[in-house]
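Enquirer: Attaching a single structure in structure tokens format; questions to follow.
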DNA sequence: CGCGCTCCATACTTATCCGTATGGAAAGAT
DNA sequence: ATCTTTCCATACGGATAAGTATGGAGCGCG
């Protein structure tokens with residue numbers, strides 16, 4: 003190679019972007035972001051590849067097909083949810099009521115918007131897919147049992163504890179579906195009062 | 003036309019299926035069914051046409067494009083919801099508490115599954131479309147106000163009425179997202195108890 | 001009956017999407 | 001440095017989907 007060709011070779015090399023290398027996890031993370039923004043239907047291989055600044059060659063190296071990715075996303079969601087549930091519902095003795103309020107707050111806060119969007123997307127998927135439904139059922143069961151344990155620890159009787167924990171989760175999911183900003187002049191007070199309706203039992207030791 | 007050709011002509015005519023003629027409403031109804039079953043992403047022109055046993059020629063005569071159909075579906079949903087809300091929350095004097103229980107029951111019953119699936123699909127759409135969101139906001143507002151009026155008529159103070167009616171709707175939507183059959187041995191009792199938590203106020207005149 | 005209008009079937013174009021095959025770039029090991 | 005393995009880019013094929021254009025079927029009316 004003479005000098006002129008060597009210079010041209012290097013100029014081309016300098017303007018060539020190095021090839022991005024992603025691991026499987028990067029794909030799952032990217033997919034989860036798209037899931038939050040656009041739901042399951044928005045999770046498309048080529049669109050996601052473009053978003054991650056690679057092509058689908060990478061995708062098909064890491065995953066057998068689109069469903070393989072979806073299942074990986076779902077599994078990661080489940081693991082994360084169960085880990086969080088256990089963390090959120092592990093209370094110091096005597097702090098159970100405060101923890102109940104904390105759970106309600108965490109799920110109904112605006113800052114949890116992305117997490118809730120993923121939650122809703124996963125549940126939308128679960129309505130039409132048996133495997134997704136099984137995983138949602140598992141997460142729901144863990145959640146309800148952990149939250150019920152908090153109510154029980156407050157001295158609430160078993161049946162009432164069951165009702166309240168279920169109301170708790172139904173409320174936080176349901177409210178994330180609704181558009182209510184114009185309904186009341188003080189939404190923060192409204193949410194606080196609702197948390198009180200859910201959390202406070204005549205039986206609870208405070 | 004000689005006699006043999008005339009017979010052949012009539013045989014062909016007899017086996018030719020008469021052309022189906024649909025009005026715009028038929029399309030909107032069909033679309034709403036698909037929406038319930040498959041959500042917004044499942045609402046595709048050619049697939050819907052096939053389901054209605056016509057081709058997309060009919061569709062494009064009645065609608066400008068797919069969005070035109072979606073908006074029509076949404077408008078029909080809104081009109082139906084508002085009509086139902088007013089019917090459901092119109093109580094005979096002294097029957098307001100029973101009506102509250104009725105509303106909770108109607109929305110959380112298994113027989114309302116299809117209606118709830120449409121509701122969830124519309125809300126999924128509204129999360130990503132401003133026009134859909136505006137209509138959902140309108141429906142939510144009407145619902146919350148009508149239900150609040152029921153609580154007020156029971157003697158519940160304004161702020162508590164606001165909290166309870168919002169909890170009511172959040173609960174019924176939320177619970178439709180959840181998978182809880184294995185959580186409790188008596189789901190019917192669970193739901194009854196939750197309805198009691200929502201509906202019964204210390205202030206209410208029974 | 002003929003004519004006009006409403007309505008639908010079909011062919012066509014363009015774009016997107018998924019999955020497969022193949023070549024080669026980049027990283028790791030020796 | 002070379003060789004092997006991991007990983008990605010791209011071309012390709014087939015299917016689906018939306019929207020447009022055109023011809024004609026069917027209905028309604030005088």
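Chains as they are written, first to last, in my numbering: chain S, 3 to 208; chain B, 3 to 208. Even for Gly, the Cβ is constructed at its ideal location relative to N, Cα and C.
1. Under 9 Å, CB to CB, which of the residues in the region 174-190 of chain B have a partner in chain S?
2. Decide if residue 187(S) is buried, meaning its Cβ has at least 16 other Cβ atoms within 10 Å, or exposed.
3. Should residue 22(B) be labelled buried (16 or more other beta-carbon atoms within 10 Å of its own) or exposed?
4. At which residues does the alpha helix (DSSP H) containing residue 75(S) begin and terminate?
5. List, in order along the chain, the chain S residues whose C-beta lies closer than 9 Å to that of residue 126(B)?
6. Does any CB atom of chain B fall closer than 8 Å to the CB of residue 162(S)?
7. Out of 89(S), 63(S), 153(S), 176(S), which one is the CA nearest neighbour of residue 102(S)?
8. Could you name the residues of chain B that residue 142(S) contacts, counting a contact when the two beta carbons are closer than 7 Å?
9. Alpha carbon to alpha carbon, what distance is there between residue 199(B) and residue 193(S)?
10. What are the start and end residues of each continuous alpha helix (DSSP H) run of 4 or more residues lying completely inside the region 161-206 of chain B, in chain order?
11. Determine whether the beta carbon atoms of residue 49(S) and residue 68(S) lie at a separation below 8 Å.
12. Hey, out of 162(S), 35(S), 112(S), whose CA is closest to residue 203(S)'s CA?
13. Among residues of its own chain, excluding the 5 on either side of residue 105(B), which ones have a beta-carbon nearer than 6 Å to its beta-carbon?
14. Between the region 107-124 of chain S and the region 53-73 of chain S, do at least 3 Cβ pairs fall closer than 8 Å?
15. Write down the C-beta distance between residue 134(S) and residue 124(S) rounded to the nearest angstrom, noting that I regard them as a contact closer than 8 Å.
16. In whole angstroms, what separates the C-alpha of residue 7(S) from that of residue 26(S)?
17. Here's the rule: buried if 16 or more other CB atoms are within 10 angstroms of the residue's CB, otherwise exposed. What is residue 88(B)?
18. Judging by CA-CA distance, which residue of 149(B), 129(B), 92(B) is the nearest neighbour of residue 170(B)?
19. Report yes or no: is there a C-beta of chain S within less than 8 Å of the C-beta of residue 103(B)?
20. Does any CB atom of chain S fall closer than 8 Å to the CB of residue 195(B)?
21. With DSSP as the reference, label residue 145(B) as helix, strand or coil.
22. Using CA coordinates, which residue listed in 177(S), 175(S), 30(S), 156(S) is at the minimum distance from residue 75(S)?
23. May I ask you to report which of helix, strand or coil DSSP gives residue 56(S)?
24. I need the boundaries of the alpha helix (DSSP H) containing residue 158(S), first residue and last residue.
25. Please confirm if residue 47(B) has its CB atom under 8 Å from at least one CB of chain S.
26. Which of the three DSSP states, helix, strand or coil, is assigned to residue 26(S)?
27. In whole angstroms, what is the alpha-carbon distance linking residue 122(S) and residue 164(B)?
28. In three-state DSSP terms, what is residue 131(S)?
29. Would you say residue 75(B) reaches chain S, if we count a Cβ-Cβ gap shorter than 8 Å as a contact?
30. For residue 118(S), return the contacting residues in chain B, with the cut-off set at a CB-CB distance below 7 Å.
31. State yes or no: is the beta carbon of residue 108(B) nearer than 8 Å to at least one beta carbon in chain S?
32. Take residue 37(B) and list the residues in its own chain whose beta-carbon comes closer than 7 Å to its own, dropping the five residues that flank it on each side.
33. Where does residue 10(B) land, buried or exposed, given buried means 16+ other C-beta within 10 angstroms?
34. May I ask you to report which of helix, strand or coil DSSP gives residue 45(B)?
35. Going by beta carbon distance, what residues of the same chain come within less than 8 Å of residue 191(B), once the five residues before and after it are set aside?
36. Strictly below 9 Å CB to CB, what residues from chain B border residue 192(S)?
Expert: The answer reads as follows:
1. 174, 175, 176, 177, 178, 179, 180, 181, 182, 183, 184, 185, 186, 188
2. Taking all protein chains shown into account, residue 187(S) has fewer than 16 neighbouring C-beta atoms within 10 Å of its C-beta and is therefore exposed.
3. exposed
4. 68-90
5. Result: 41, 122, 123, 126, 179.
6. yes
7. 153(S)
8. What residue 142(S) touches in chain B: 180, 181, 182.
9. 16 Å
10. Those alpha helix (DSSP H) runs which fall completely within the region 161-206 of chain B and span 4+ residues are 189-201.
11. In this structure, residue 49(S) sits away from residue 68(S), with a CB-CB distance that is not shorter than 8 Å.
12. 162(S)
13. 90
14. No contact exists between the region 107-124 of chain S and the region 53-73 of chain S.
15. That pair is a contact at about 7 Å.
16. Caution applies to residue 7(S), whose pLDDT of 41 falls short of 50 and renders its modelled position unreliable; the model cannot decide the point.
17. exposed
18. 149(B)
19. no
20. yes
21. helix
22. 30(S)
23. coil
24. Careful: residue 158(S) lies outside any alpha helix (DSSP H) and carries neither H nor E.
25. Not a single C-beta of chain S is nearer than 8 Å to the C-beta of residue 47(B).
26. For residue 26(S), the three-state secondary structure derived from DSSP is helix.
27. 25 Å
28. coil
29. no
30. In chain order: nothing, as chain B lies at least about 10 Å away.
31. no
32. For residue 37(B), same chain residues with a beta-carbon under 7 Å away, outside a window of 5 residues either side, are 45, 75, 120, 123 in chain order.
33. For residue 10(B), the predicted structure reports a pLDDT of 39, less than 50, and the residue's modelled location is therefore unreliable. A value from the coordinates is still provided. Exposed.
34. When secondary structure is reduced to three states using DSSP, residue 45(B) falls in the coil class, being assigned neither helix nor strand.
35. none
36. Those within 9 Å of residue 192(S) in chain B are 161, 164, 165, 168.
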